[in-house]
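So the number in our numbering is just where the residue sits in the sequence shown, counting from 1, plus 406.
Since the structure comes first, as structure tokens, the remarks are kept for the end.
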Amino acid sequence: MLKKLEPIVIKFEEVKQKLSDPSITSNIEEYTKLSKEYKDLEDVKKIYDRYKNVLENIEANKEIIKTETDPEFKDMAKSDLGDLNKELDSLEEEVKVLLIPKDPEDGKDVMLEIRGGTGGDEASIFAGDLYNMYLSYCEKKGFSTELISSTEGSKGGYKEVVLNVKGKNVYGTLKYESGVHRVQRVPKTESQGRVHTSAASVAVLPEVDEVDVNINPADLKIDTYRASGAGGQHVNKTESAVRITHLPTNTVVECQEGRSQLKNRVIAMGWLRTKLYDKALAEHNEKISADRKVLVSSGDRSAKIRTYNYPQGRVTDHRINLTLYHLDAIVGGDVDMVIDKLKMEDQTNKLAEMDGL
Numbered sequence: 407m408l409k410k411l412e413p414i415v416i417k418f419e420e421v422k423q424k425l426s427d428p429s430i431t432s433n434i435e436e437y438t439k440l441s442k443e444y445k446d447l448e449d450v451k452k453i454y455d456r457y458k459n460v461l462e463n464i465e466a467n468k469e470i471i472k473t474e475t476d477p478e479f480k481d482m483a484k485s486d487l488g489d490l491n492k493e494l495d496s497l498e499e500e501v502k503v504l505l506i507p508k509d510p511e512d513g514k515d516v517m518l519e520i521r522g523g524t525g526g527d528e529a530s531i532f533a534g535d536l537y538n539m540y541l542s543y544c545e546k547k548g549f550s551t552e553l554i555s556s557t558e559g560s561k562g563g564y565k566e567v568v569l570n571v572k573g574k575n576v577y578g579t580l581k582y583e584s585g586v587h588r589v590q591r592v593p594k595t596e597s598q599g600r601v602h603t604s605a606a607s608v609a610v611l612p613e614v615d616e617v618d619v620n621i622n623p624a625d626l627k628i629d630t631y632r633a634s635g636a637g638g639q640h641v642n643k644t645e646s647a648v649r650i651t652h653l654p655t656n657t658v659v660e661c662q663e664g665r666s667q668l669k670n671r672v673i674a675m676g677w678l679r680t681k682l683y684d685k686a687l688a689e690h691n692e693k694i695s696a697d698r699k700v701l702v703s704s705g706d707r708s709a710k711i712r713t714y715n716y717p718q719g720r721v722t723d724h725r726i727n728l729t730l731y732h733l734d735a736i737v738g739g740d741v742d743m744v745i746d747k748l749k750m751e752d753q754t755n756k757l758a759e760m761d762g763l
């Protein structure tokens with residue numbers, strides 16, 4: 407196992423040396439990139455040192471057991487050896503997880519888009535519930551959120567709402583939420599007490615920089631208009647809202663939440679780059695994964711992934727056949743109850759793939 411870690415540790419030392427180079431420290435873009443790489447590799451270096459130390463202690467205790475004549479000292483060494491072997495087993499499991507190839511997108515911030523689907527007004531209300539659920543979850547995780555665009559439903563909630571989420575490993579955490587979420591309950595709009603089924607779709611897209619996507623300005627149609635909805639009286643006084651259409655792909659994005667047209671334009675361009683990048687990435691992943699088992703993190707966004715059943719107080723994630731009777735807690739923001747299980751399943755699948763190579 408040490409031999410598998412050694413190339414990564416060598417890389418860590420190389421990056422560490424580069425970070426002390428004046429030519430690198432003066433280049434903010436390169437320095438930021440290397441700093442992030444250093445932080446990722448540092449976890450491997452720490453576990454490498456621990457693993458190496460445990461192996462050395464195991465050998466030392468074996469030598470004591472072999473050569474020591476004092477029975478009490480020998481028994482102490484045997485006891486220590488048992489603890490060290492348990493620690494070694496635990497470390498080997500940690501190393502296996504560290505050796506899983508990382509998704510390069512995991513560390514990126516995201517655009518989180520929620521759309522009401524089938525179910526009319528109730529679908530919009532449910533989309534609003536999901537929006538509040540993710541706001542609470544992001545607050546618990548220490549992620550920052552910014553509302554980018556929203557279209558309110560006629561009876562509450564949202565027909566569509568887009569959030570920008572920033573923080574540590576945001577995409578690596580939220581990517582498991584992409585897909586169709588279904589709700590079963592008696593809607594507020596139902597007068598006869600019947601349970602209805604409605605749905606809303608969630609798309610979690612990794613945010614990208616200008617260098618990741620090349621957009622020709624000639625391919626853009628940019629419109630401005632007066633914003634509507636929540637946000638104060640200013641939204642109706644000036645044409646601060648921005649709509650950008652990418653003509654070759656007919657991709658449309660809007661931003662109307664800010665007071666400044668310029669700020670809304672910058673945000674909308676970021677949203678457009680993200681959507682175009684996501685489209686290209688989805689096509690690429692489809693090609694390379696056509697003959698492989700689909701993992702939970704790369705499911706079809708049109709697929710039904712989760713059901714929230716209010717009469718029974720349960721949440722079911724259909725990808726891993728997980729059912730939890732903690733609906734109120736999950737809808738209240740404790741989404742890690744589900745995400746942690748999805749991450750574990752994803753890691754198990756990837757480890758099985760690695761063992762099969």
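Just so it is clear, CB atoms sit at the ideal spot from N, CA and C, and this is done for glycine as well.
As the structure is a prediction and not an experimental result, all values here were calculated from the model.
State the Cα-Cα distance for the pair Met743 and Val721, rounded to the nearest angstrom.
-> 10 Å
Any non-hydrogen atom of the ligand MG within 7 Å of Cys544 CB | Absence of the ligand MG from the depicted structure is noted, as is the absence of any ligand whatsoever, leaving it without description.
Counted within 10 angstroms of its Cβ, other Cβ atoms place Gln423 as buried (16 or more) or exposed = exposed
Count the other CB atoms within 10 Å of the CB of Asn570; is the residue buried (16 or more) or exposed (fewer)?
-> buried
Name the one or two DSSP bridge partners that Arg632 has.
-> Paired residue(s): none; Arg632 is not in a bridge.
Backbone CA spacing between Asn755 and Tyr631 [nearest angstrom] | 48 Å
Kindly give me the distance between the Cβ atoms of Ile471 and Leu461, rounded to whole angstroms, as I take these residues to be in contact under 8 Å.
-> Not a contact, Cβ separation roughly 16 Å.
Secondary structure at Val501, three-state DSSP: helix, strand or coil?
-> helix
Beta strand (DSSP E) containing Val648: first to last residue?
-> 647-652
Could you give the distance in angstroms between the alpha-carbon of Ile621 and the alpha-carbon of Tyr540?
-> 31 Å
Tell me, please, whether the region 521-532 touches the region 600-612 by the rule of three or more beta-carbon pairs shorter than 8 Å.
-> yes
Which same chain residues, not among the five before or five after Ile414, have their C-beta less than 6 Å away from its C-beta?
-> Val450
Going by Cα to Cα distance, which pick from Lys565, Gly738, Leu408 is closest to Glu499?
-> Leu408
Specify the secondary structure class of Glu596 as computed by DSSP and reduced to three states.
-> coil
To which residues of the same chain is Arg698 closer than 6 Å at the C-beta, ignoring the five residues directly before and after it?
-> Any reading at Arg698 must be qualified, since the residue scores a pLDDT of 36, below 50, and its modelled position is unreliable; no value is offered.
Coil, strand or helix - Pro717 by DSSP = coil
Buried versus exposed, by CB contacts within 10 Å (16 or more), Asn727 = exposed
Would you mind giving the Cβ-Cβ distance between Lys514 and Val610, rounded to the nearest angstrom? I have them listed as a contact below 8 Å.
-> Not really, about 10 Å apart at Cβ, beyond 8 Å.
According to the Cβ coordinates, are Asp509 and Gly578 closer than 8 Å?
-> yes
Closest residue to Lys410 among Val737, Thr729, Tyr454, Asn459 (Cα-Cα distance) | Tyr454
Can you say whether Pro612 is buried or exposed, counting buried as having 16 or more other CB atoms within 10 angstroms of its CB?
-> buried
Between Leu536 and His587, which are expected to be in contact by the criterion C-beta below 8 Å, what is the C-beta distance as a whole number of angstroms?
-> 6 Å
Assigned secondary structure, Met675 (DSSP; H/G/I helix, E/B strand, else coil) = helix
In angstroms, rounded to a whole number, what distance separates the CA positions of Gly739 and Tyr582?
-> 15 Å
Best match in Pro428, Leu653, Gly599, Val601 for proximity to Ala624 [C-alpha to C-alpha] = Leu653
Tell me whether Leu748 is buried or exposed, calling it buried when 16 or more other Cβ atoms sit within 10 Å of its Cβ.
-> buried
Identity of the residue in Thr473, Arg591, Ser496 nearest Arg456 by Cα = Ser496
Helix, strand or coil: which one does DSSP assign to Gln590?
-> strand
Output the distance between the C-alpha atoms of Glu465 and Ile506, rounded to the nearest integer angstrom.
-> 28 Å
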